[in-house]
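First to last, the protein sequences are chains A and B.
With the numbering used here applied, the first sequence corresponds to residues 1 to 256, in that order.
With the numbering used here applied, the second sequence corresponds to residues 1001 to 1248, in that order.
Here a beta-carbon is modelled for each residue, glycine too, at the ideal position from N, C-alpha and C.
Take a look at the structure set out below.
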Amino acid sequence: MSASLATEALKLVRARVTWVATAVVVVGVPLLALGFALAADGGGSSQLALKTRAMLPGEGWVGLLGGTGQILSVAMLLATAFVASWTFGREFADGTLEPLLLARASPGRTASAKLAVVTAWAVVVCAAAVVVAVLAGLVAGVGADGSPGDLVAPAARALVGGVLVAVLALPVAFAASAGRSALAGVGTVLGIVVVTQVVTVTGAGAWFPYAAPGLWLGMGGPDVAVSAVQLLLALPVAAAGWVATVVWWERAEIVA
Amino acid sequence: MNGTRPATLRAVGLSRGYAGERAVDGVDLQVDAGQVHALVGLNGAGKTTLLRLLVGLLRPGDGRAEILGVPAWRAPVDVRSRVGHVGTGAAYGELTVRQNVVAAARLHGLPRAEADRRARACLDELALADWADRPARVLSDGNRRRVALAAALVHAPDVLVLDEPTSTLDPRGVLELRRTLLERSAAGAAVLVSSHHLDEMARVADVITVLHRGRVVGTLDPGGVDLERQFFTMVHDAEDLRAAEAQR
């Protein structure tokens, strides 16, 4: 591992914001999904049972892991955006930027190392959230009537959807850098959430990269179809955010 | 010390402005290997901007800023790794003191084992060993400054640029820094240090340059008498000249 990657990984692991975001995703999301799944599977007629039954894509493992994926489609965007915004913006706010810019690695390589560790963190916590959802489901007896193989497909779907949403948060690194503040990144992701909502309401969500993973995970109901091309639009958006951030760090007069 | 290039910093007609104001205005300055060169001036004189230009953190407006014989802005990696700089840079609060210094060494190209060894030595040199395993966020301002100094010194740079390094240090820290600067320059490092503490600079510097309103307005002999009076005479003369130029 390069010195830049090792240093950025160490900073990320030791940061409070990372641990809070990790706890929300790895513990909060599966428990919320489990609560929804238990309410839906309970067969009651309460408001919560009726709503969760309409929201989840099925019962048992499909319901629990589908719900996990749906919540991850929002949680991973926000959590990854917050961590990415902090990772870049804190260098400006904490006055730690000057030594970083005089390191052996060029500023662009430093930015790339930051993006790499944020992406790696997002993949790990997303996978951990799915694993915790499965463990929680086993403890709660979700899907007791089915076979263990029933959980593989919905678990993979939740993981893929969560990771795609997470990489869609990478462009906020550019906003946090160019805005020289973590709040610039946070503001950007809040704007993205609002625009996503509006685009989804107008019915064009499948072609909007920030809406497509959530719709693919069933947030728009069973009638909304999302193709592989629409889903994978997330990758060029993430790549564009990565490249823009690296180019900005390579060319900008950062301390001015 | 390593490398084959002459260990120098050089400004030639160097200028840089912000929003129409010239923060650095036509500065010529050179720091040779083995020399401690002090830069003194009032607040807002342009010291920080000049130092940032000379280490390549800022792009020159006019003139040249060179480090080890190459342009400082976007200097190649083998040049950047031979520079130690203490500016406004702070330690990472979430990392321990030791982790901060080891990370600085690693980021300047030292292998892990060597980084650990040099970090230990540096923490001892700057009296930080007792705080080595504490998070930097719990340290006093003075000790945080020592961490920044350790991070700048740990890779044994050939060029050392320090912006107000004694600003938050206690008297013991000032003495330790003085000893360190003299040792590093005796070993061949070129040292450029800014301060507004004339007495302190007179104790370590071979050359003292006075900066006022972005311009070099004179030099002081570190062995001279009543440096404070000489300094203010230079500053007042520069102000008078400026007023006269404005009237013409």
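Can you have a look at N1002 of chain B and say buried or exposed, based on whether 16 or more other CB atoms are within 10 angstroms of its CB? Bear in mind that the predicted position of N1002 of chain B carries a pLDDT of just 45, short of 50, making it unreliable; the figure below should be weighed with that in mind. N1002 of chain B comes out exposed.
G43 of chain A versus A49 of chain A: straight-line alpha-carbon distance, rounded: 7 Å
Is A127 of chain A helix, strand or coil when you go by DSSP? helix
Which residues in the same chain as V1174 of chain B place their Cβ atom closer than 8 Å to its Cβ, once the five residues preceding and following it in sequence are excluded? T1166, E1200
Could you give the DSSP three-state label for G1109 of chain B: helix, strand or coil? coil
Can you pull the DSSP bridge partners for D1163 of chain B? Its beta-bridge partners are B:S1194.
Ignoring anything shorter than 4 residues or poking outside the region 96-128 of chain A, list the alpha helix (DSSP H) runs there in chain order. 97-101
Are the beta-carbon atoms belonging to V29 of chain A and A166 of chain A less than 9 Å from one another? For V29 of chain A and A166 of chain A, no; Cβs fall outside 9 Å.
Can you give the Cα-Cα distance for S2 of chain A and G1188 of chain B, rounded to whole angstroms? For S2 of chain A and G1188 of chain B, the distance between alpha carbons rounds to 30 Å.
Within the 9 Å Cβ cut-off, does I254 of chain A reach chain B? Yes, I254 of chain A lies at the interface with chain B (some Cβ there is under 9 Å from its Cβ).
Under 9 Å, do V1235 of chain B and V1216 of chain B count as touching if we go by C-beta distance? no
Can you tell me which of the three DSSP states P222 of chain A falls into? coil
In terms of residues, what are the limits of the beta strand (DSSP E) holding G1063 of chain B? 1062-1067
Pairwise C-alpha distance: G221 of chain A and I71 of chain A: Note on geometry: alpha-carbon atoms of I71 of chain A and G221 of chain A lie some 14 Å from one another.
Hey, does A1127 of chain B have any beta-carbon neighbour from chain A nearer than 9 Å? Chain A contact via Cβ: absent.
Just to confirm, are A105 of chain A and S227 of chain A a CB contact at a threshold of 9 Å? no
Can you give the beta carbon distance from V1024 of chain B to T1049 of chain B, rounded, assuming they're within the 8 Å contact cut? 5 Å
For R14 of chain A, three-class secondary structure by DSSP: helix
Quick one: which chain A residues come within Cβ less than 7 Å of A1104 of chain B? What A1104 of chain B touches in chain A: P99.
For D150 of chain A, the nearest candidate out of A:G60, A:A15, A:G185, A:V27 (CA to CA): A:G60
Inspect the CB distances between the region 61-80 of chain A and the region 129-138 of chain A and report whether three or more fall short of 8 Å. Verdict: yes, contact present.
Quick one: using the 10 Å Cβ neighbour count with 16 as the cut-off for buried, is T202 of chain A buried or exposed? exposed
For a contact defined as C-beta to C-beta under 8 Å, what are the partners of T1088 of chain B on chain A? Per Cβ cutoff of 8 Å: G95, E98.
Taking V160 of chain A as the reference, give the member of A:A234, A:P57, A:T52 with the closest Cα. Among A:A234, A:P57, A:T52, the Cα nearest to that of V160 of chain A belongs to A:A234.
In whole angstroms, what is the alpha-carbon distance linking V1083 of chain B and S1195 of chain B? A direct Cα-Cα distance of roughly 19 Å separates V1083 of chain B from S1195 of chain B.
Exposed or buried, which one is E253 of chain A when buried takes at least 16 other CB atoms within 10 Å? exposed
Going by CA-CA distance only, name the one from A:V134, A:G162, A:P209, A:T87 that's closest to V152 of chain A. A:V134
Checking the sheet assignment: what are the DSSP bridge partners for A1038 of chain B? B:V1193, B:I1208
R1005 of chain B in three-state terms, based on DSSP: At R1005 of chain B, the pLDDT of 44 sits below 50, so the modelled position is not reliable and the matter cannot be decided from this model.
Mind pulling the beta strand (DSSP E) runs of 3 or more residues that sit fully within the region 1112-1142 of chain B? none
Chain-ordered chain A contacts of V1083 of chain B [CB-CB under 9 Å]: L102
Under a Cβ-count criterion, where at least 16 other Cβ atoms within 10 Å of its own Cβ denotes burial, should A112 of chain A be classed as buried or exposed? Ala is not the amino acid found at residue 112 of chain A; the sequence shown has Ser there. By the 10 Å Cβ count, S112 of chain A comes out buried.
What is the DSSP secondary structure of R53 of chain A, reduced to helix, strand or coil? helix
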